[in-house]
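Numbering (full-length UniProt numbering), first residue to last: 1 to 224.
Beta carbons are placed, not taken as given, at the ideal position from N, Cα and C, and that holds for glycine.
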């Protein structure tokens with residue numbers, strides 16, 4: 001016979017109630033013991049014990065948060081490893097320069113269509129001063145202190161302006177976002193904040209004929 005839904009919920013909440021009751025009971029015993037010890041003249045010892053206990057709990061809490069952040073980051077990297085795969089290699093002869101070089105700041109890459117799901121595999125997510133150049137065969141994002149990023153022309157699905165990317169919010173249309181498909185088949189957005197934003201229309205128009213994936217613009221840019 002299948003138990004009623006209410007019985008299932010009651011069964012699931014009983015352990016939690018038991019734990020809360022146990023913790024409340026322990027705290028009550030500690031408070032009563034502290035009051036009795038203070039009345040017997042052990043107030044200083046009680047104060048020191050409570051102080052040490054609070055400090056220990058705070059330390060445990062901080063270490064727990066740090067542990068969760070570290071393990072969460074490692075899990076995210078492991079989960080993205082197959083999703084991202086190997087990045088395209090820069091060809092020996094990328095062809096004639098068609099646009100640029102344009103200086104700016106590379107802000108990072110995200111898994112499309114999210115503007116916050118930052119790519120953390122390797123150093124593709126590292127912010128760095130950059131130089132953006134369009135060649136006959138693709139786009140090169142040359143980064144200072146980090147690996148260069150090569151985007152084959154046939155991999156580009158859209159170039160547009162956005163308000164933010166990789167969790168970084170800028171002014172309206174402050175970011176040039178390049179949406180492209182990795183060799184693994186995953187589509188990502190790579191964002192650059194150019195020093196001279198007047199170059200944005202030229203970049204957008206140059207790739208206006210590319211086929212968008214249909215994911216649409218990112219959340220921040222869509223609000224504008």
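- Cβ-Cβ distances below 8 Å link residue 151 to 88, 138, 139, 140, 141, 178, 180, 190 in the same chain, with the five nearest sequence neighbours on each side left out; the list follows chain order.
- Considering only 134, 176, 80, the residue with the shortest C-alpha distance to residue 106 is 176.
- When rounded, the separation of the alpha-carbon atoms in residue 119 and residue 82 is 12 Å.
- If you draw a straight line from the Cα of residue 86 to the Cα of residue 184, it comes to about 7 Å.
- Under the three-state reduction of DSSP output, residue 154 falls in the helix class.
- In terms of CA proximity to residue 90, 133 leads the group 21, 133, 84.
- Apart from sequence neighbours up to five positions away, the residues of its chain that approach residue 155 with a beta-carbon distance below 6 Å are 180, 181, ordered along the chain.
- Under DSSP, residue 189 forms a beta bridge with 110, 179.
- DSSP places residue 166 in the coil class of the three-state scheme, outside both helix and strand.
- By the criterion of a C-beta distance shorter than 8 Å, residue 80 is surrounded in its chain by 111, 119, 120, 121, once the five residues flanking it on both sides are discounted.
- Per the C-alpha coordinates, the member of 40, 145, 41 positioned closest to residue 126 is 145.
- Excluding the 5 residues flanking it on each side, residue 116 has same chain C-beta neighbours closer than 7 Å at 110, 167, in chain order.
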